[in-house]
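Input: a single structure, listed below in structure tokens.
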Ligand code: HEM
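Numbering (our numbering), first residue to last: 3 to 377.
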């Protein structure tokens, strides 16, 4: 695969040439196939419970897999029923706009009269950065798909020589995380400023510091992924280059800087929420944003378990925990709270209705996504 030239061969040819590395890679592929296909001693199913099942190796989904799949599907339907019941029960609260609602619609006159605060203006650069990173992500995706099709030669130059798929695919995934993070930091600070009577002291400086850290994280990760994948970082490949974990490709140092970015984001959000802490119950929209940001930071910690010497099963379990607890749990909670906040600011729904919907949606997210993985 790495030595040949045929259609099955990796492109560009000779990408990995070291005999020991090729042996290690072949051993990993063998182990991956073996752990899914070989039956456990004394059992009639494999180490991965016949997943993904391989009829050629004689294994099919086992009885417990069928039983738990059906039970989980029924459980999901039951929980959906409960959520819909609660939604119906509180539908009067969660109505579009209630009679006597004091929220004012964001009409053209109101929008034209709006003047952003200095803190809100400071968030603009996050959105500009996000737009740029989004374009780069699409370019990386387009380069990746061209590699699949073996269509990488333009005007006599083979782009895959300079930018092999290992680099462009890793960029494609990390860039998504980067522009989404930029939008979230910018949007959360922007909406929270609407609830502030006065900006807490030094917050503007902290936000600009956060942007500086963000730029270092983005630049370091993207350059590191390229250099590390090309083997140019020597023994520092894991610290500065490409760790090789899908979605957490960035080197450990850049991962540490992302942790600082999230920690500073949490501090900024917490300082803004503190000014309105005494208002309302524990489930107002600013508090929802704070809880979600705190959980995003907390769950990111499990991404640090994976080190080159960590057992693959342990490392991959915890790496996957970051992805799933983020995308199937707190990313959704955060996005729902943020969108609800925008809807309130635009005068489309009342605050009570919005926070009630966030509550119900959170029940659904945390009850379905993570529960699926715990089962
Ligand atoms: C023109 C636009 C895009 C193109 C051509 C493109 C292309 C690709 C390609 C070729 C892959 C690799 C698939 C594989 O390895 O099997 C991929 C994976 C992926 N892309 Fe895109 N992409 C585009 C836009 C996006 C956007 C906007 C996002 C997210 C905001 C995104 C998120 C992802 C993710 C998460 C994966 C990994 C999927 C997995 O491993 O299961 N892509 N994309």
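By construction, the Cβ of each residue, glycine as well, lies at the ideal position given by its N, Cα and C atoms.
Please read these numbers as outputs of a predicted model, since none were measured by experiment.
Presumed contact (8 Å Cβ cut-off) between residue i and residue j, rounded CB distance
i: residue 59; j: residue 132; result: At roughly 46 Å, the Cβ-Cβ gap does not stay under 8 Å, so residue 59 and residue 132 are not in contact.
i: residue 226; j: residue 242; result: 5 Å
i: residue 186; j: residue 336; result: 7 Å
i: residue 271; j: residue 292; result: 5 Å
i: residue 340; j: residue 193; result: 7 Å
i: residue 302; j: residue 261; result: 6 Å
i: residue 347; j: residue 196; result: 6 Å
i: residue 342; j: residue 360; result: 5 Å
i: residue 311; j: residue 266; result: About 31 Å; that fails the 8 Å criterion.
Rounded separation between residue i and residue j - CA only
i: residue 129; j: residue 363; result: 26 Å
i: residue 252; j: residue 107; result: 44 Å
i: residue 122; j: residue 289; result: 19 Å
i: residue 224; j: residue 135; result: 11 Å
i: residue 305; j: residue 316; result: 11 Å
i: residue 231; j: residue 297; result: 31 Å
i: residue 19; j: residue 167; result: 17 Å
i: residue 172; j: residue 92; result: 45 Å
i: residue 99; j: residue 345; result: Because residue 99 carries a pLDDT of 48, less than 50, the predicted location of this residue cannot be relied on, and no value is offered for it.
i: residue 151; j: residue 114; result: 50 Å
i: residue 118; j: residue 206; result: 14 Å
i: residue 5; j: residue 15; result: 7 Å
i: residue 222; j: residue 178; result: 16 Å
i: residue 11; j: residue 17; result: 10 Å
i: residue 56; j: residue 309; result: 31 Å
i: residue 80; j: residue 358; result: 21 Å
i: residue 2; j: residue 141; result: An answer regarding residue 2 cannot be provided, because it is not within the stretch 3 to 377 covered by the chain.
i: residue 147; j: residue 160; result: 15 Å
i: residue 245; j: residue 202; result: 39 Å
i: residue 7; j: residue 42; result: 37 Å
i: residue 180; j: residue 218; result: 12 Å
Cβ-based burial, residue i [other Cβ within 10 Å; buried from 16]
i: residue 366; result: buried
i: residue 274; result: buried
i: residue 137; result: exposed
i: residue 264; result: buried
i: residue 259; result: buried
i: residue 61; result: buried
i: residue 213; result: buried
i: residue 257; result: buried
i: residue 170; result: buried
Cβ of residue i within 8 Å of any chain D Cβ
i: residue 342; result: Chain labels in this structure do not include chain D; a single protein chain is all it has.
Residue i Cβ short of 7 Å to the ligand MN heavy atom set
i: residue 178; result: With respect to the ligand MN, the structure offers nothing, as its ligand set consists of the ligand HEM.
- Query: Counting by C-beta, which residues lie closer than 5 Å to a heavy atom of the ligand HEM, in chain order?
  - Reply: 140, 143, 144, 146, 147, 178
- Message: Which complete beta strand (DSSP E) runs does the segment 115–176 hold, if anything under 3 residues is left out?
- Response: none
- Considering only residues of the segment 185–250, which uninterrupted alpha helix (DSSP H) runs meet the minimum length of 4 residues and lie entirely inside it, listed in chain order? 205–231, 239–242
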